[in-house]
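Please read the structure below before turning to the comments.
There are 2 protein chains.
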Amino acid sequence: MGRDILCVQVFTVGKIEIIPLGGIGEFGMNCMGIRFGDEMIIVDAGMGFPEETPFGVDISIPNFDFLEEYRDDLTAIILTHGHEDHVGALAYILKKFNVPVYGSRFTLALAEKRLEEFRMLDDVLMHRVEAGQKIKVGVFEVEFIHASHSLVDCFSLAINTPVGTLIHTGDYKIDDTPVIGEPYDLKSLGRVGDEGVLALLCDSTNATVPGRTPSERAVIPAFEEIFEQAEGRIIVATFSSSIHRLQIVIDIAHQFGRKLCVLGRSMQRNVEVAEEQGLLKIPYGTMIDLGDSRALDDDEIVYLVTGSQGENRAALWNMATSTYKGIEVDKGDTVILSARIIPGNEKSISRLIGHLYKRGANIIEEKRRLVHVSGHASQEDIKIMVETSRPKFVVPIHGEYRMLFRQKEFIKNHVAGYDDDNIVLIENGDVLEIDQFAAKVVDKHEFNKTFIDEESMGEIEYDVIRERKKLAYGGAISLVVTVEKGTHELIGEPQVTFQGVAHIDPTNGFSDQARKAVAEAIGEMKREHILDRSFFKETLRIYLKRFVQKELGTKPVIVTTVVEV
Amino acid sequence: MGRDILCVQVFTVGKIEIIPLGGIGEFGMNCMGIRFGDEMIIVDAGMGFPEETPFGVDISIPNFDFLEEYRDDLTAIILTHGHEDHVGALAYILKKFNVPVYGSRFTLALAEKRLEEFRMLDDVLMHRVEAGQKIKVGVFEVEFIHASHSLVDCFSLAINTPVGTLIHTGDYKIDDTPVIGEPYDLKSLGRVGDEGVLALLCDSTNATVPGRTPSERAVIPAFEEIFEQAEGRIIVATFSSSIHRLQIVIDIAHQFGRKLCVLGRSMQRNVEVAEEQGLLKIPYGTMIDLGDSRALDDDEIVYLVTGSQGENRAALWNMATSTYKGIEVDKGDTVILSARIIPGNEKSISRLIGHLYKRGANIIEEKRRLVHVSGHASQEDIKIMVETSRPKFVVPIHGEYRMLFRQKEFIKNHVAGYDDDNIVLIENGDVLEIDQFAAKVVDKHEFNKTFIDEESMGEIEYDVIRERKKLAYGGAISLVVTVEKGTHELIGEPQVTFQGVAHIDPTNGFSDQARKAVAEAIGEMKREHILDRSFFKETLRIYLKRFVQKELGTKPVIVTTVVEV
Numbered sequence: 060m061g062r063d064i065l066c067v068q069v070f071t072v073g074k075i076e077i078i079p080l081g082g083i084g085e086f087g088m089n090c091m092g093i094r095f096g097d098e099m100i101i102v103d104a105g106m107g108f109p110e111e112t113p114f115g116v117d118i119s120i121p122n123f124d125f126l127e128e129y130r131d132d133l134t135a136i137i138l139t140h141g142h143e144d145h146v147g148a149l150a151y152i153l154k155k156f157n158v159p160v161y162g163s164r165f166t167l168a169l170a171e172k173r174l175e176e177f178r179m180l181d182d183v184l185m186h187r188v189e190a191g192q193k194i195k196v197g198v199f200e201v202e203f204i205h206a207s208h209s210l211v212d213c214f215s216l217a218i219n220t221p222v223g224t225l226i227h228t229g230d231y232k233i234d235d236t237p238v239i240g241e242p243y244d245l246k247s248l249g250r251v252g253d254e255g256v257l258a259l260l261c262d263s264t265n266a267t268v269p270g271r272t273p274s275e276r277a278v279i280p281a282f283e284e285i286f287e288q289a290e291g292r293i294i295v296a297t298f299s300s301s302i303h304r305l306q307i308v309i310d311i312a313h314q315f316g317r318k319l320c321v322l323g324r325s326m327q328r329n330v331e332v333a334e335e336q337g338l339l340k341i342p343y344g345t346m347i348d349l350g351d352s353r354a355l356d357d358d359e360i361v362y363l364v365t366g367s368q369g370e371n372r373a374a375l376w377n378m379a380t381s382t383y384k385g386i387e388v389d390k391g392d393t394v395i396l397s398a399r400i401i402p403g404n405e406k407s408i409s410r411l412i413g414h415l416y417k418r419g420a421n422i423i424e425e426k427r428r429l430v431h432v433s434g435h436a437s438q439e440d441i442k443i444m445v446e447t448s449r450p451k452f453v454v455p456i457h458g459e460y461r462m463l464f465r466q467k468e469f470i471k472n473h474v475a476g477y478d479d480d481n482i483v484l485i486e487n488g489d490v491l492e493i494d495q496f497a498a499k500v501v502d503k504h505e506f507n508k509t510f511i512d513e514e515s516m517g518e519i520e521y522d523v524i525r526e527r528k529k530l531a532y533g534g535a536i537s538l539v540v541t542v543e544k545g546t547h548e549l550i551g552e553p554q555v556t557f558q559g560v561a562h563i564d565p566t567n568g569f570s571d572q573a574r575k576a577v578a579e580a581i582g583e584m585k586r587e588h589i590l591d592r593s594f595f596k597e598t599l600r601i602y603l604k605r606f607v608q609k610e611l612g613t614k615p616v617i618v619t620t621v622v623e624v
Numbered sequence: 060m061g062r063d064i065l066c067v068q069v070f071t072v073g074k075i076e077i078i079p080l081g082g083i084g085e086f087g088m089n090c091m092g093i094r095f096g097d098e099m100i101i102v103d104a105g106m107g108f109p110e111e112t113p114f115g116v117d118i119s120i121p122n123f124d125f126l127e128e129y130r131d132d133l134t135a136i137i138l139t140h141g142h143e144d145h146v147g148a149l150a151y152i153l154k155k156f157n158v159p160v161y162g163s164r165f166t167l168a169l170a171e172k173r174l175e176e177f178r179m180l181d182d183v184l185m186h187r188v189e190a191g192q193k194i195k196v197g198v199f200e201v202e203f204i205h206a207s208h209s210l211v212d213c214f215s216l217a218i219n220t221p222v223g224t225l226i227h228t229g230d231y232k233i234d235d236t237p238v239i240g241e242p243y244d245l246k247s248l249g250r251v252g253d254e255g256v257l258a259l260l261c262d263s264t265n266a267t268v269p270g271r272t273p274s275e276r277a278v279i280p281a282f283e284e285i286f287e288q289a290e291g292r293i294i295v296a297t298f299s300s301s302i303h304r305l306q307i308v309i310d311i312a313h314q315f316g317r318k319l320c321v322l323g324r325s326m327q328r329n330v331e332v333a334e335e336q337g338l339l340k341i342p343y344g345t346m347i348d349l350g351d352s353r354a355l356d357d358d359e360i361v362y363l364v365t366g367s368q369g370e371n372r373a374a375l376w377n378m379a380t381s382t383y384k385g386i387e388v389d390k391g392d393t394v395i396l397s398a399r400i401i402p403g404n405e406k407s408i409s410r411l412i413g414h415l416y417k418r419g420a421n422i423i424e425e426k427r428r429l430v431h432v433s434g435h436a437s438q439e440d441i442k443i444m445v446e447t448s449r450p451k452f453v454v455p456i457h458g459e460y461r462m463l464f465r466q467k468e469f470i471k472n473h474v475a476g477y478d479d480d481n482i483v484l485i486e487n488g489d490v491l492e493i494d495q496f497a498a499k500v501v502d503k504h505e506f507n508k509t510f511i512d513e514e515s516m517g518e519i520e521y522d523v524i525r526e527r528k529k530l531a532y533g534g535a536i537s538l539v540v541t542v543e544k545g546t547h548e549l550i551g552e553p554q555v556t557f558q559g560v561a562h563i564d565p566t567n568g569f570s571d572q573a574r575k576a577v578a579e580a581i582g583e584m585k586r587e588h589i590l591d592r593s594f595f596k597e598t599l600r601i602y603l604k605r606f607v608q609k610e611l612g613t614k615p616v617i618v619t620t621v622v623e624v
């Protein structure tokens, strides 16, 4: 298995290994290793939003440690597009494995903004590539196929290997009339299909949704109607990465003679990057800053804001509950929630809407008006993808197991020639081996995600989270016992301090009771047990634990310190 | 304002006060005070499921402390029906205010099971009432109107007061063909309407849903089809309180010659109570226990189980991920999720479905087949309610502000004669004063929910939760410093113990650094500061906090103990 691309024709023996590090069996953290012989490329390095936020965790990233065994094989990281769940872990993987990165101009621009925050920009090799381009990375040849999605400048990848061609769809929808850029490049996909595709790694996010995903353009009529009718201010909340949507809002604001003011850090950053790159076209004089917006009449302004998910610190939440830089939602305002509800955010969005209603705003939700479309392939888009590329094997990626399964079920039932043998369900950590004859999981790495505290940019270990969960559940008691060195005679009274322990009333003298109980317990202990330092300490801990459980019915963490003087 | 019911005709002056203690502006914890003069009744005493579960909280209940000022006025608790969000806090309110309780036979049976757990049954006066019955409670006369809902034996209340009649809908839907019992008693409602209704307190849970809510019977055809087709075992997960649904599953099991086995504690309890009361009709020989179920062929058995919300300890979760008393979901099983997704449970349900797919089960979700209907009034049911009772004022209850608002919006736009003046939005803690002329909020109590730890059945104070959140976020460090009594000279080294503190590597010697840093800090402190005990302690805490933040980038809680010997 040589590194020379000429070998492609010679060696058709050997197998490709597909090793997902994230994004399969869960949302987010999309990352996949593709390996042939002693060469391995990584597709995407995304982050996720874990449920452990109460425990000081901000984001999760794939556990890159298990790439250690492939360290010498790694040759490149290929980015499909610039969404955080595909590029958000880039800095973390590059810190460990500094290999060249390939991506589109816009994807790299977003990624570079993040790398700057880590002061890593000078140490990393970034290669800008364009749709239609082919690059060679050792034994692999990667062709970048233009993909339509809610973001712009996105790719599907055709990865030519000695065993055959893999297609990695990235995130995509088959949009025939996107707002910015070209439709999905089905022509190139079809050509690759004609040449023969070994396996299709296919986005499953919307695999439970029947029909076609509407074009990004589909929201325009509803926006026009709303702008037509609105007499007060208009506030549009959407994902800051939905670049097509931003263009639509800009265009319609211009069309209806309103100025546009962008609020929220990520929204301002993305608008800036997309405009710099000529992707967003902003008519001269349309964009104004916050100060100037205040001077305008209500029917002359549109605010484009972050916070569509009811995030507590975003612009819209502050505007709805108190004030955001002096701007408040008020009676007569029209608020357009131009985004889907990300699972898990239902409650906070409902609360946000409650606050907006209280302020007297008119609220447009995507459930009631077509003000949002998905960026992901629905079932009929998936069918087009499979029928155009005609792969030997299909491997559903990007989604919870439920979505992967539903993609398999749909293809089996709706595309001729596919059944249980050639649609393969895998999970994070699996090693899927593919050759001309079969695709099967031959190994499983233990899969763990890594928790990150963004302030320190450091990893938080599982043990730490486990301890924090215990502290959260029952609080903590610090017990300090002072004894004489050598004899271990108790000196003075034990000291106890409570943090987050329930059912302690300042008036009920529980501290005194606990102190006395510990002192008595020591009085009753055998001398040799007292003299054994660690046994003594542990016995005290267990004793106090039982005492607290009996008296208060709670289970705090008990930290014992023995002072010898 | 006398206590005699005769006064009704004489005194039409005076005002009714409506004081919601829970359930308005949020889901759950439904509880409302209704007061005239010096008399007050309470409608329902429900519990809620708060988001604070990681912090040792199991349930939330209304803060009954603020009823203290009305202690002498309280005359009764009236229960509309037996769902936990209407009766789950009964024991807690009765512990503080032991007044008589009125409810239907089934409602009281469920409530009594809970009171038994608190060993309170002997101390409480429970009055069983029936639909159509009227009772007098001081100045109030309460008529119990039969209501249809997903539970059975439910009431709407017509509460006659000296100022006029209030209707409290309870939870309801207008079901013309329920499975168990009679349709909603629109005739009685209409009669009360004819006599004149001052205010309608109306369930808003489904106020965002257009049309009519389908009858409980509507799920039968889908169930029949599924039973017709299923060749393996059938597992039905639903809410244990959905008694109509249980009856349907029992009937269809019988019809298709399958035996029924009930799994999960709450499911077994509710089936038992409902059967005892003659509400559930179980054909002889249909119900079998777990042991006997194992002997049957796969096409001879139905398991009726808890866990439709993906709850981690429920029967279905265990059957899907490991085993529940020896029963596991397996290839060929059909699992029917006959329940809605309660907001907040999306992720766990999606995970559950993933596990079920992995086991090879066929899964029927309510999104794809009509295997679940709501128990709450949709918009057209609300219209029937308003048009039949024709109240002067409408007060939306039961729901987040968003739902309350949407009920108001719907009635304004679809029922003649209602506008902003006679549809009144209130929130928990408000005091709404109503008379013939107006309904307005005249006072606001501070509204707090009370957190309960079910193991100890005790309240957890807000301060405790606040401390636990801090512990959860950054962990804790216990710092112990020993000094000589009098001189406060440092004896030995400071001791530090870490719990849940991130970025400490056993090999990086951080403990030593911290110890040394504290010792040095003490060395540099002024003598008078060391001698001031509390100043000394606080200075050490702040010093270590800054040191840790600088070195590790984290913010643990620091507990300092100074030992003087």
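From first to last, the protein sequence lines stand for chains W and S.
My numbering puts the first residue of the first sequence at 60, with every later residue one more than the last.
My numbering puts the first residue of the second sequence at 60, with every later residue one more than the last.
Note that CB positions come from ideal geometry on N, CA and C, so glycine has one too.
* Asked: So, W:I120 versus W:E513, is the Cβ gap smaller than 8 Å?
  -> Locating residue 120 of chain W in the first sequence gives position 61, where the first residue counts as 1. Locating residue 513 of chain W in the first sequence gives position 454, where the first residue counts as 1. No, the pair does not count as a contact, with Cβ atoms beyond the cut-off.
* **Best match in S:I482, S:K585, S:I422 and S:H205 for proximity to S:V295 [C-alpha to C-alpha]** => For this step, residue 295 of chain S is matched to residue 236 along the second sequence. Ranking the options by Cα distance to S:V295, first place goes to S:I422.
* **Touching by the beta-carbon criterion (3+ pairs, under 8 Å), the stretch 133 to 145 of chain S and the stretch 97 to 109 of chain S** => yes
* How would you list, in chain order, the residues of chain S whose beta-carbon sits under 8 Å from the beta-carbon of W:I395? -> Position 336 of the first sequence holds residue 395 of chain W. In chain order: nothing, as chain S lies at least about 16 Å away.
* **Reduced DSSP secondary structure (H/G/I, E/B, other) of S:M326** => The residue given as residue 326 of chain S occupies position 267 in the second sequence. In this structure, S:M326 counts as helix in the three-state DSSP scheme.
* To do: May I ask you to report which of helix, strand or coil DSSP gives W:G92?
  => Working through the first sequence from its first residue, we reach residue 92 of chain W at position 33. If DSSP states are grouped into helix, strand and coil, W:G92 belongs with the strands.
* To do: Kindly identify the DSSP beta-bridge partner or partners of W:F214.
  => Against the first sequence, residue 214 of chain W aligns to sequence position 155. W:H205.
* To do: Express the C-alpha separation of S:A190 and S:V67 in angstroms, rounding to a whole number.
  => Here residue 67 of chain S is taken as the residue at index 8 of the second sequence, counted from 1. Here residue 190 of chain S is taken as the residue at index 131 of the second sequence, counted from 1. Interpretation of S:V67 is limited by its pLDDT of 43, a score under 50 that renders its predicted location unreliable; no figure is taken from the coordinates.
* At a Cβ threshold of 8 Å, is W:L530 touching chain S? -> Your numbering for residue 530 of chain W matches position 471 in the first sequence. Answer yes: the Cβ-Cβ gap between W:L530 and chain S drops below 8 Å somewhere.
* Give the straight-line distance between the Cα atoms of S:G551 and S:E85, rounded to the nearest whole angstrom. => Taking the first residue of the second sequence as position 1, residue 551 of chain S is located at position 492. Taking the first residue of the second sequence as position 1, residue 85 of chain S is located at position 26. For S:G551 and S:E85, the distance between alpha carbons rounds to 56 Å.
* Following the continuous alpha helix (DSSP H) through W:T556, name the residue where it begins and the one where it ends. => Against the first sequence, residue 556 of chain W aligns to sequence position 497. Careful: W:T556 lies outside any alpha helix (DSSP H), inside the beta strand (DSSP E) at Q554 to Q558.
* **Interface flag, W:T546 vs chain S, CB-CB below 8 Å** => Counted from its first residue, the first sequence places residue 546 of chain W at position 487. Not one chain S Cβ lies under 8 Å of W:T546.
* From this set, W:L149, W:F156 and W:G197, which residue's C-alpha is nearest W:E175's C-alpha? -> To locate residue 175 of chain W, count along the first sequence from 1; it is residue 116. Of the candidates W:L149, W:F156 and W:G197, the one whose C-alpha sits nearest the C-alpha of W:E175 is W:L149.
* With 16 other CB atoms within 10 Å as the buried threshold, where does S:H588 fall? -> Numbered from its first residue, the second sequence carries residue 588 of chain S at position 529. Under this definition S:H588 is an exposed residue.
* What are the start and end residues of each continuous beta strand (DSSP E) run of 3 or more residues lying completely inside the stretch 377 to 450 of chain S, in chain order? -> 393 to 396 and 421 to 423
* **Contacting positions in the stretch 102 to 114 of chain W - beta carbon closer than 7 Å to chain S** => Under the 7 Å Cβ criterion, the stretch 102 to 114 of chain W contributes P113 and F114.
* Three-state secondary structure assigned by DSSP to S:G622 -> Sequence index remark: in the second sequence, residue 622 of chain S carries index 563 (1-based). It should be pointed out that residue 622 of chain S corresponds to Val in this sequence rather than to Gly. DSSP places S:V622 in strand when its eight states are reduced to three.
* Ends of the beta strand (DSSP E) at S:M462? -> Here the question's residue 462 of chain S lines up with position 403 in the second sequence. Following the DSSP letters along the chain, one finds S:M462 in no beta strand (DSSP E) but inside the alpha helix (DSSP H) bounded by residues Y460 to H473.
* Applying the criterion that 16 or more other CB atoms from any shown protein chain within 10 Å of the CB defines a buried residue, is W:N472 buried or exposed? -> The sequence position of residue 472 of chain W within the first sequence is 413, counting from 1. W:N472 should be labelled exposed.
* Do three or more CB pairs link the stretch 423 to 430 of chain S to the stretch 381 to 399 of chain S at distances below 8 Å? -> yes
* S:L590 - partner residues in DSSP beta bridges -> On the second sequence, position 531 is the one that residue 590 of chain S refers to. For S:L590, which the question treats as bridged, DSSP gives no partner whatsoever.
* Reduced DSSP secondary structure (H/G/I, E/B, other) of W:Y532 -> Translated into positions along the first sequence, residue 532 of chain W becomes position 473. In the structure shown, W:Y532 sits in a helix (DSSP, three-state: H, G or I).
* Which two residues bound the contiguous alpha helix (DSSP H) that contains S:S352? -> Here residue 352 of chain S corresponds to residue number 293 of the second sequence, with the count starting at 1. Start and end: L349 to R353.
* To do: Tell me where the beta strand (DSSP E) around W:G81 begins and ends.
  => As a first step, residue 81 of chain W is located in the first sequence; it is residue number 22 there, counting from the start. Run containing W:G81: I75 to G81, per the beta strand (DSSP E) assignment.
* Name the two residues that bound the continuous alpha helix (DSSP H) containing S:A170. => Taking the second sequence and counting its residues from 1, one reaches residue 170 of chain S at position 111. Segment R164 to E176, the alpha helix (DSSP H) holding S:A170.
* Taking C-beta to C-beta, are S:V256 and S:Q438 nearer than 8 Å? -> Working through the second sequence from its first residue, we reach residue 256 of chain S at position 197. Working through the second sequence from its first residue, we reach residue 438 of chain S at position 379. Cβ atoms of S:V256 and S:Q438: not closer than 8 Å.
* Run down chain S in chain order and give the residues with a C-beta less than 7 Å from the C-beta of W:E526. => Numbered from its first residue, the first sequence carries residue 526 of chain W at position 467. Near W:E526 (Cβ distances below 7 Å), the residues of chain S are G534, Q558 and G559.
* To do: State yes or no: is the C-beta of W:D262 within less than 8 Å of the C-beta of W:T228?
  => Residue mapping note: residue 262 of chain W aligns to position 203 of the first sequence, counting from 1. Residue mapping note: residue 228 of chain W aligns to position 169 of the first sequence, counting from 1. Yes. Within cutoff.
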